[in-house]
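A.B. asks: In our numbering, the protein residues as written are 14 to 238.
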DNA sequence: TTCCAGGCAATAC
DNA sequence: GTATTGCATGGA
């Protein structure tokens, strides 16, 4: 049964990789120097509103972009004292674009950050998925990441890795929709944001270890024939 | 040099 | 409704 395997896969990944501590947050290493860190076994993040905003910014910047590049962009913003909602609202797109350049698509992303900041600023209570999805630049995965890691609301995040792993294990069809995959997890697992956070992070970790880049994979297969 | 990365919106059919 | 394309940088 598929649902049993969803549980067993979590246990196996958890045994293999241990606690993940997502979402990584910026921390001061020493005076004037910042780094990005995970926080294993600590689910008390985000600690404040700026940190919450930072997680949302990271979720937008990491769209189709490696996290390493996003870190550079986040640290640029932090050094410029602009990793907060007010600063993003006040700054012009060109200024933001220059700082987030390492994360790619900087013209689109700087506009999307400004749209998001306006919305974030007028937020009175916890957001809904539907509300987030009305924003230009926020699709399903980004909305779920913001809900799950920013607001600690159990909304399972489905990304390209999740799809690839489940498809490889024949647990889903190649062309299953986002919603179908999300429902598979959400109808199987206890509704606990900590579990959802760890599970998604573990899938990404496993994919990074196990799945090789296309070219390397082909070379690997060729070497066996 | 080519390919890829923790997607999304606009456009085309 | 589903398929394709543009967006951009840095690392392997």
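Cβ coordinates follow ideal geometry from the N, Cα and C atoms, glycine included.
With distance defined between alpha-carbon atoms, name the residue in 24, 147, 148, 211 nearest to residue 169.
C.D. replies: Your numbering for residue 169 matches position 156 in the first chain. Nearest C-alpha to residue 169: 211.
A.B. asks: Who are the Cβ neighbours of residue 157 in its own chain at under 6 Å, not counting the five residues just before and after it?
C.D. replies: On the first chain, residue 157 is found 144 positions in, with the first residue counted as 1. Around residue 157: 168, 170.
A.B. asks: Would you report the Cα separation of residue 52 and residue 21, rounded to the nearest angstrom?
C.D. replies: Along the first chain, read from residue 1 onward, the residue named residue 52 stands at position 39. Along the first chain, read from residue 1 onward, the residue named residue 21 stands at position 8. Their Cα atoms are separated by approximately 24 Å.
A.B. asks: Need the endpoints of the alpha helix (DSSP H) that residue 211 sits in, please.
C.D. replies: Locating residue 211 in the first chain gives position 198, where the first residue counts as 1. From DSSP, the alpha helix (DSSP H) with residue 211 extends over 206-223.
A.B. asks: What are the boundary residues of the beta strand (DSSP E) that includes residue 47?
C.D. replies: The residue labelled residue 47 in the question sits at position 34 within the first chain. Counting along the chain, the beta strand (DSSP E) containing residue 47 begins and ends at 46-50.
A.B. asks: Could you give the distance in angstroms between the alpha-carbon of residue 18 and the alpha-carbon of residue 189?
C.D. replies: Translated into positions along the first chain, residue 18 becomes position 5. Translated into positions along the first chain, residue 189 becomes position 176. Per the coordinates, the alpha-carbon of residue 18 lies some 18 Å from the alpha-carbon of residue 189.
A.B. asks: Are the stretch 104-123 and the stretch 136-143 in contact at 8 Å, needing three or more beta carbon pairs?
C.D. replies: no
A.B. asks: For the 8 Å Cβ check, are there 3 or more pairs between the stretch 73-82 and the stretch 94-106?
C.D. replies: Too few Cβ pairs lie closer than 8 Å, so no.
A.B. asks: Using CA coordinates, which residue listed in 32, 47, 31, 94 is at the minimum distance from residue 38?
C.D. replies: Within the first chain, residue 38 is the residue found at index 25, counting from 1. Out of 32, 47, 31, 94, 47 has the C-alpha closest to the C-alpha of residue 38.
A.B. asks: Quick one: grab the DSSP three-state call for residue 176.
C.D. replies: Counting from one through the first chain, the residue named residue 176 turns up at place 163. Here residue 176 sits in helix by DSSP.
A.B. asks: Can you list, in chain order, the stretches of the alpha helix (DSSP H) that have 4 or more residues and sit fully within the stretch 67-150?
C.D. replies: The stretch 67-150 contains these whole alpha helix (DSSP H) runs: 80-92, 98-103, 106-113, 119-134, 142-146.
A.B. asks: Tell me the rounded alpha-carbon separation between residue 88 and residue 95.
C.D. replies: In the first chain, residue 88 corresponds to position 75, counting from 1. In the first chain, residue 95 corresponds to position 82, counting from 1. Roughly 10 Å separates the two Cα atoms.
A.B. asks: Who are the near neighbours of residue 176 in its chain, counting only those whose CB is closer than 8 Å to its CB and skipping five residues on each side?
C.D. replies: Residue mapping note: residue 176 aligns to position 163 of the first chain, counting from 1. Answer for residue 176: 185, 189, 194, listed in chain order.
A.B. asks: Are the CB atoms of residue 129 and residue 49 within a distance shorter than 8 Å?
C.D. replies: As a position in the first chain, residue 49 is number 36, starting the count at 1. As a position in the first chain, residue 129 is number 116, starting the count at 1. Not closer than 8 Å, so no.
A.B. asks: Do you know whose CA, among 77, 223, 200, 218, lies nearest residue 154's CA?
C.D. replies: What you label residue 154 is simply residue 141 of the first chain in a count that begins at 1. Selected option, being the one with the closest Cα: 77.
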